[in-house]
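Asker: Residue numbers (the working numbering): 58 to 626. The beta-carbon is built from N, C-alpha and C at its ideal position, and this holds for glycine as well. Computed from a predicted model, the values in this text were never measured in an experiment.
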RNA sequence: CGGGGCGUGGCGCAGCCCGGUUAGCGCGCCUGCUUUGGGAGCAGGAAGUCGGAGGUUCGAAUCCUCUCGCCCCGACCA
């Protein structure tokens with residue numbers, strides 16, 4: 058490609074509305090342009106990178122025996138209603154109507170569609186297992202798109218779905234996919250970490266996310282030196298017990314007029330928040346549930362939903378709270394409740410003489426003792442992880458880092474095959490639901506993640522494996538016949554050698570061309586100028602290390618092609 | 001959805017508070033000449049319904065009302 062003919066619109070100044078490194082550089086280097094909030098054009102340079110990443114993904118998917126296919130972006134509402142996700146997915150599911158008012162979803166993920174294919178086409182256990190994948194534009198109507206393509210409403214994703222006769226077979230593919238993902242991110246030269254993850258709206262029994270380490274990342278990961286790593290939504294920890302040993306005192310109701318929050322009550326009664334029990338009423342798939350946790354901690358709704366086996370858990374509306382507790386919001390407590398399931402976090406167990414809501418207006422109760430004043434069958438973990446929590450595996454204090462979630466894999470089990478009645482016949486002729494796994498990888502997000510980890514104050518430093526071009530031939534003073542001739546010959550020779558090469562043949566001043574070269578970050582820059590030509594040399598410079606040296610013009614193309622070959626992943 | 005901010009040639013911004021010639025600046029773009037190893041110089045030039053609608057006024061980029069869009073923080077969320 059010749060720069061003079063290419064659409065590579067670079068900018069000298071940072072765009073005013075971009076905050077993160079990758080967002081700024083993708084705009085400045087002419088990789089992307091915003092069309093509207095959370096929706097981007099991929100310009101030629103950006104698209105070349107996307108294609109390189111896709112190629113790596115395809116190679117690694119094909120290597121473990123996956124088959125590529127393409128499903129439609131648009132799918133009918135009925136399919137989503139079969140699994141209940143038409144309602145569960147919420148506003149993030151981008152819905153559209155056709156001219157007859159029929160409803161459709163723009164696919165955010167394709168479990169329903171792929172399961173529909175498989176239930177119609179696959180009959181026998183002999184055909185199992187297999188994995189289908191696609192690379193496609195996905196839609197999620199994000200509540201707040203941000204950071205350029207990192208959280209976009211329209212983005213490019215690789216999604217794969219595996220089908221099995223049993224859990225063992227799923228485990229095998231899950232492991233193979235996990236390993237393939239490691240190879241993909243290694244080849245993209247990313248520093249990443251797989252971590253245990255929550256399953257969220259996709260559902261299923263186990264899940265990992267691959268996190269690219271990055272301070273501006275949106276996700277928080279909890280890690281322990283023993284090797285434990287999980288997202289903050291998923292992480293389990295031991296909440297340090299700070300309750301001193303006390304003798305239980307008799308319960309005592311107290312007037313707390315208008316004191317509805319932990320903060321209010323804590324201040325009003327002069328007790329620390331951890332000496333209160335927070336009581337929250339939820340509605341889980343239509344059923345009210347009461348959750349208890351130490352007053353200074355928060356409930357993790359994700360964990361609560363998991364333990365209840367519910368697909369949707371949300372804070373109960375005031376009406377439900379009143380019906381369940383007999384009091385308006387702000388005075389709920391565990392004492393005297395009946396006919397409602399009680400979920401008690403482990404942090405409550407060691408508490409003595411604490412304050413709870415009195416289930417009556419303007420009343421709280423002091424000196425409540427779990428086990429004596431209310432009973433639970435079992436203490437569970439429904440706590441949002443906290444800063445000083447200890448590792449459950451080794452007991453040490455855990456740390457955290459921030460990251461960009463570039464992919465997530467799930468063991469779905471039969472969640473979708475059950476609700477969509479997707480079955481195969483086993484050896485005994487019995488209809489069994491497919492056991493499924495699904496495996497997403499954000500391609501466009503991966504591109505941004507690579508930039509986050511590979512840039513400096515001057516611009517991007519592409520790894521060879523994903524660079525839009527492998528070599529840039531920078532002709533200083535392209536008007537000079539000698540320079541032009543050598544540049545053109547090198548350009549042709551490199552192309553002939555199968556190297557992706559960009560020739561900067563613009564009639565601009567050297568400064569402009571050097572700055573642009575640094576900005577777009579092609580791994581190898583070859584500078585051809587009158588200065589070097591006098592001694593029969595050209596200069597080769599590595600963007601990543603800054604290392605540079607002169608090469609004799611004769612044989613330069615072969616030498617450069619060799620270096621490129623060596624650096625390809 | 002709550003809070004904050006911003007919409008002025010392609011990009012980055014000034015002007016607005018305190019209304020008053022043809023709305024400016026830097027970069028970019030076009031033409032010509034010179035220049036060519038780290039964002040060149042000179043000369044000439046094109047390009048803006050000041051986000052949109054309504055209002056106040058003799059007069060609105062500027063004041064008022066409504067509206068649309070964009071960004072940030074939060075809530076939320078594979």
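Under a three-way DSSP split, which group does residue 177 fall into?
Answerer: By one-based count along the first chain, residue 177 stands at place 120. In the structure shown, residue 177 sits in a helix (DSSP, three-state: H, G or I).
Asker: Looking only at C-alpha atoms, which of 140, 544, 162, 265 sits nearest to residue 462?
Answerer: The residue you call residue 462 lines up with position 405 of the first chain. Ranking 140, 544, 162, 265 by Cα distance to residue 462 puts 265 first.
Asker: Using the C-alpha atoms, what's the distance from residue 595 back to residue 608?
Answerer: Along the first chain, one-based indexing puts residue 608 at 551. Along the first chain, one-based indexing puts residue 595 at 538. Computed Cα separation, rounded: 5 Å.
Asker: Let me know the alpha helix (DSSP H) ranges lying completely inside the segment 495-547, each 4 residues or longer, listed in chain order.
Answerer: Whole alpha helix (DSSP H) segments, 4+ residues: 500-510.
Asker: In whole angstroms, give me the CA-to-CA distance for residue 617 and residue 559.
Answerer: Mapped onto the first chain, residue 617 falls at position 560. Mapped onto the first chain, residue 559 falls at position 502. Roughly 14 Å between the two C-alpha positions.
Asker: According to DSSP, is residue 388 part of a helix, a strand, or is it coil?
Answerer: Walking along the first chain from the start, residue 388 turns up at place 331. Residue 388 falls in the coil class under three-state DSSP.
Asker: Answer yes or no: do residue 458 and residue 270 have a C-beta to C-beta separation smaller than 8 Å?
Answerer: Mapped onto the first chain, residue 458 falls at position 401. Mapped onto the first chain, residue 270 falls at position 213. Going by C-beta atoms, residue 458 is nearer than 8 Å to residue 270.
Asker: Residue 622: buried (16+ other C-beta within 10 angstroms of its C-beta) or exposed?
Answerer: In the first chain, the residue the question calls residue 622 occupies position 565. Looking at its Cβ environment, which holds fewer than 16 other Cβ atoms inside 10 Å, residue 622 is exposed.
Asker: Identify which residue in 174, 107, 492 has its Cα closest to the Cα of residue 136.
Answerer: Position 79 of the first chain, counted from the start, is the residue given in the question as residue 136. Among 174, 107, 492, the Cα nearest to that of residue 136 is on 174.
Asker: Looking at C-alpha atoms only, which residue of 380, 382, 341 is the closest neighbour of residue 363?
Answerer: As a first step, residue 363 is located in the first chain; it is residue number 306 there, counting from the start. Of the candidates 380, 382, 341, the one whose C-alpha sits nearest the C-alpha of residue 363 is 341.
Asker: How should residue 184 be labelled, buried or exposed, when 16 other C-beta atoms within 10 angstroms of its C-beta is the threshold for buried?
Answerer: The residue labelled residue 184 in the question sits at position 127 within the first chain. The residue is exposed, with fewer than 16 neighbouring Cβ atoms inside 10 Å.
Asker: Below 8 Å on the Cβ atoms is my contact criterion, and I expect residue 585 with residue 530 to pass it. Report the Cβ-Cβ distance as a whole number of Å.
Answerer: Sequence index remark: in the first chain, residue 585 carries index 528 (1-based). Sequence index remark: in the first chain, residue 530 carries index 473 (1-based). The Cβ separation is near 7 Å, so the contact holds.
Asker: Return the bridge partner residues of residue 323 from the DSSP annotation.
Answerer: If you number the first chain from 1, residue 323 lands on position 266. Answer is none; residue 323 lacks a bridge partner.
Asker: Residues in the same chain with beta-carbon distance under 8 Å from residue 81, minus the five sequence neighbours each way, listed in chain order, please.
Answerer: Counting from 1 along the first chain, the entry for residue 81 is found at position 24. Hits under 8 Å: 71, 72, 75.
Asker: What residue ranges within the segment 213-293 form continuous beta strand (DSSP E) runs of no fewer than 3 residues, ordered along the chain?
Answerer: Listed in chain order, they are 249-253, 263-270, 276-280, 286-288.
Asker: What is the rounded straight-line gap between the Cα of residue 143 and the Cα of residue 249?
Answerer: The residue labelled residue 143 in the question sits at position 86 within the first chain. The residue labelled residue 249 in the question sits at position 192 within the first chain. Roughly 33 Å between the two C-alpha positions.
Asker: Would you call residue 213 buried or exposed, if buried means 16 or more other Cβ atoms sit within 10 Å of its Cβ?
Answerer: Position 156 of the first chain, counting from 1, holds the residue named residue 213. By the 10 Å Cβ count, residue 213 comes out buried.
Asker: Run through DSSP, which three-state label would residue 330 get?
Answerer: Here residue 330 corresponds to residue number 273 of the first chain, with the count starting at 1. Here residue 330 sits in helix by DSSP.
Asker: From residue 355 to residue 202, what distance separates their C-alpha atoms?
Answerer: Reading the first chain from its first residue, position 298 is the one you call residue 355. Reading the first chain from its first residue, position 145 is the one you call residue 202. Cα to Cα, residue 355 sits roughly 26 Å from residue 202.
Asker: Is the segment 433-451 touching the segment 305-320, taking contact as three or more C-beta pairs under 8 Å?
Answerer: As far as the Cβ criterion goes, the segment 433-451 does not touch the segment 305-320, which means the pair count is below three.
Asker: Thinking C-beta only, is residue 378 closer than 8 Å to residue 367?
Answerer: Your numbering for residue 367 matches position 310 in the first chain. Your numbering for residue 378 matches position 321 in the first chain. Going by C-beta atoms, residue 367 is not nearer than 8 Å to residue 378.
Asker: Taking the continuous alpha helix (DSSP H) assigned at residue 140, which residues delimit it?
Answerer: What you label residue 140 is simply residue 83 of the first chain in a count that begins at 1. Run containing residue 140: 134-140, per the alpha helix (DSSP H) assignment.
Asker: Which residues mark the beginning and the end of the beta strand (DSSP E) in which residue 89 is found?
Answerer: Stepping through the first chain from its first residue, residue 89 is reached at position 32. Segment 89-93, the beta strand (DSSP E) holding residue 89.
Asker: For residue 313, which three-state DSSP category applies?
Answerer: Locating residue 313 in the first chain gives position 256, where the first residue counts as 1. Residue state, collapsed to three classes: coil.
Asker: How long is the line joining the alpha carbons of residue 522 and residue 624, rounded to whole angstroms?
Answerer: Walking along the first chain from the start, residue 522 turns up at place 465. Walking along the first chain from the start, residue 624 turns up at place 567. Going by the C-alpha atoms only, they are around 8 Å apart.
Asker: Nearest to residue 333 by CA position, among 408, 296, 301, is which residue?
Answerer: Numbered from 1 along the first chain, position 276 holds the residue referred to as residue 333. Per the Cα distances, 408.
Asker: May I ask which residues mark the beginning and end of the beta strand (DSSP E) holding residue 456?
Answerer: In the first chain, residue 456 corresponds to position 399, counting from 1. Counting along the chain, the beta strand (DSSP E) containing residue 456 begins and ends at 456-470.
Asker: Exposed or buried, residue 237, counting other C-beta atoms within 10 Å across all chains shown (16 or more means buried)?
Answerer: Reading the first chain from its first residue, position 180 is the one you call residue 237. The residue is buried, with at least 16 neighbouring Cβ atoms inside 10 Å.
Asker: With a 10 Å radius around its C-beta and 16 neighbouring C-beta atoms as the bar for buried, classify residue 562 as buried or exposed.
Answerer: Locating residue 562 in the first chain gives position 505, where the first residue counts as 1. Residue 562 should be labelled buried.
Asker: Mind checking which residues open and close the beta strand (DSSP E) that includes residue 151?
Answerer: Indexing the first chain from 1 puts residue 151 at position 94. From DSSP, the beta strand (DSSP E) with residue 151 extends over 151-154.
Asker: Can you list, in chain order, the residues of its chain with a C-beta nearer than 7 Å to that of residue 415? Leave out the 5 residues immediately preceding and following it.
Answerer: As a first step, residue 415 is located in the first chain; it is residue number 358 there, counting from the start. Counting only Cβ-Cβ distances below 7 Å, and skipping sequence neighbours, we find 310, 388, 390, 421, 422.
Asker: At 4 residues or longer, what runs of the alpha helix (DSSP H) sit wholly inside the segment 355-411?
Answerer: Runs found: 358-365, 375-382.
Asker: Going by C-alpha distance, which of 308, 352, 298, 197 is nearest residue 324?
Answerer: Against the first chain, residue 324 aligns to sequence position 267. Taking only the C-alpha atoms, the option nearest residue 324 is 352.
Asker: With DSSP run on the structure shown, which of helix, strand or coil describes residue 78?
Answerer: In the first chain, residue 78 corresponds to position 21, counting from 1. Three-state result, residue 78: helix.
Asker: Taking the continuous beta strand (DSSP E) assigned at residue 489, which residues delimit it?
Answerer: Mapped onto the first chain, residue 489 falls at position 432. Run containing residue 489: 488-490, per the beta strand (DSSP E) assignment.
Asker: Give me, in chain order, the residues of the same chain whose beta-carbon lies closer than 8 Å to that of residue 443; leave out the 5 immediate sequence neighbours on both sides.
Answerer: Counting from 1 along the first chain, the entry for residue 443 is found at position 386. Cβ within range, chain order: 294, 296, 354.
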